[in-house]
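Single-structure report; data block below.
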Amino acid sequence: MLTYESLGARRIINAATTLTALGGSLMPAEVLDAMRAAAGSFVDMHELQHRLGQELAAATRNEAALVTAGCAAGLVLTVLGARTGPDPVRIQRLIDGHGERDEVIVHTAHRIPYDTAVILAGARVRTVGDVLQTFEWQLEAAISDRTAAILYVAGDHLPPGALPLEVVVRVGHAHGVPVIVDCAAQLPPVENLWRFTRDMGADAAVFSGGKALHGPQASGLVVGTHALIEAARAHAAPHQRLARALKVGKEEMLGLAAAVDRYLALDHEAMRERWYRIVEDWSAGLSDLQQVDCIIEDRNEAGQPVPRLRIDLIGERVRGRGGEVVQLLRAGDPRIEVLANGPKGIWIGPDLVSDEEASVVSAAVRSALLALGAS
Ligand SMILES: *Cc1c(COP(=O)(O)O)cnc(C)c1O
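For the sequence shown, my numbering begins at -18 and goes up steadily by one.
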């Protein structure tokens, strides 16, 4: 059997975040069990998708839900759905190259690498506003009969120039335009599973299954209205249509469902306390070093309430050498990945490490800093 070791792919301790490039997140036993059980027999995939959608919708307090091959796949599917609705005639016209509604409105402040999903859905991004501000009338002006949807990116880490989601929903809906929210990494808090849709009125919210949910790496969850989700589903496998290439297996479907169940039942407060305990220990372990400053931040890189430790290199010997710290940790055994803060230093995050790994990270960061001459 091939393994990471036999392939020469080094195992990583992930003190960075749920990066796809590092494998996303790890699946707990209940998710693996659900996938194994799903793999044990054949099933009618239309029926499974339909029933699972109902269960996931109820569990997440939404009207409808759909399992996809990731958040990016969920964005492609919801844009396709917004372009055509569920009507097979309109879907066929799109397949035949005569698609309608070929624009998706995105705030300039929300341009992110993942909006390539719009292109894959055969539409183009029409930007509105600038990084500093957007006015309601600018959004109104951007809407036309070519508009399929407004793609909104959630998160406090983005530039401030976008309109509030409530305004976008009000304006969009006044023109019959659905609002799709990319909230791939917007968990925790768990309430976000229904906040953007049920509470704020967006038509779809799209989450990664392979990030904080700890579901299969190649899974995603769309929640929202029947209308948009049924339209999105009409493009998806097992149909032989445009999004066939984004197929989700029965194993991912039941794995993600188990992950959502687990996430809803987690003691989130206890988890937060554990995270704080780890970052406080990390900080204490470096407190004697005069050359570095440790700051406990309450939010992660996606603006979510997951603490992390920011280590600033301030002393003369270490200043500007953040990249070297990253490299030393990467070259170490075990290999440790952290988030780079440019030359200024690094961040280390507690949510993807075991207690044992947390101690390994603590010792390795300390010795990397000492190697640079910190004291
Ligand atoms: C991670 C991420 C995605 C992509 O999610 P996948 O589940 O990997 O497809 C999309 N948008 C944002 C903002 C993300 O952080």
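Beta carbons are placed, not taken as given, at the ideal position from N, Cα and C, and that holds for glycine. Keep in mind it's a predicted model, so treat the numbers as computed, not measured.
Across the structure, Pro145 and Phe177 are spaced so that their CA atoms are roughly 12 Å apart. Under the three-state reduction of DSSP, Phe116 is assigned to coil, being neither helix nor strand. Classified as buried, Val109 has 16 or more neighbouring CB atoms from the shown chains inside 10 Å of its CB. When the five nearest sequence neighbours on each side are left out, the beta carbons in the same chain lying within less than 7 Å of the beta carbon of Glu121 are those of Val152, in order along the chain. DSSP places Leu237 inside the alpha helix (DSSP H), whose first and last residues are Lys231 to Ala246.
Residues of the same chain with a CB within less than 7 Å of the CB of Gly142, apart from the 5 flanking positions on each side, are His88, Thr89, Ala90, Gly110, Asp111, Val112, Leu113, Gln114 and Thr115 in chain order. In this structure, the beta-carbon distance from Leu7 to His195 falls below 8 Å.
Take the alpha-carbon of Ala(-10) and the one of Pro315: they are about 12 Å apart. Taking all protein chains in view, the Cβ of Gln221 is surrounded by fewer than 16 other Cβ atoms within 10 Å, so the residue is classified as exposed.
Bridge partners of Asp163 according to DSSP: Val134 and Val187. Annotation for Arg253: the continuous alpha helix (DSSP H) segment containing it runs His249 to Gly266.
In the three-state reduction of the DSSP assignment, Asp96 falls in the helix class, which pools H, G and I.
For ligand 1, a non-hydrogen atom lies closer than 7 Å to the CB of Thr1. Per DSSP, reduced to three states, the secondary structure at Gly201 is strand. The region 34 to 88 is shown to contain whole beta strand (DSSP E) runs of 3 or more residues at 45 to 49 and 84 to 88, in chain order. With a threshold of 7 Å, the Cβ atom of Lys231 does not count as near ligand 1, since no heavy atom of the ligand is closer than that. Beta-bridge annotation (DSSP): Pro324 is paired with Asn322.
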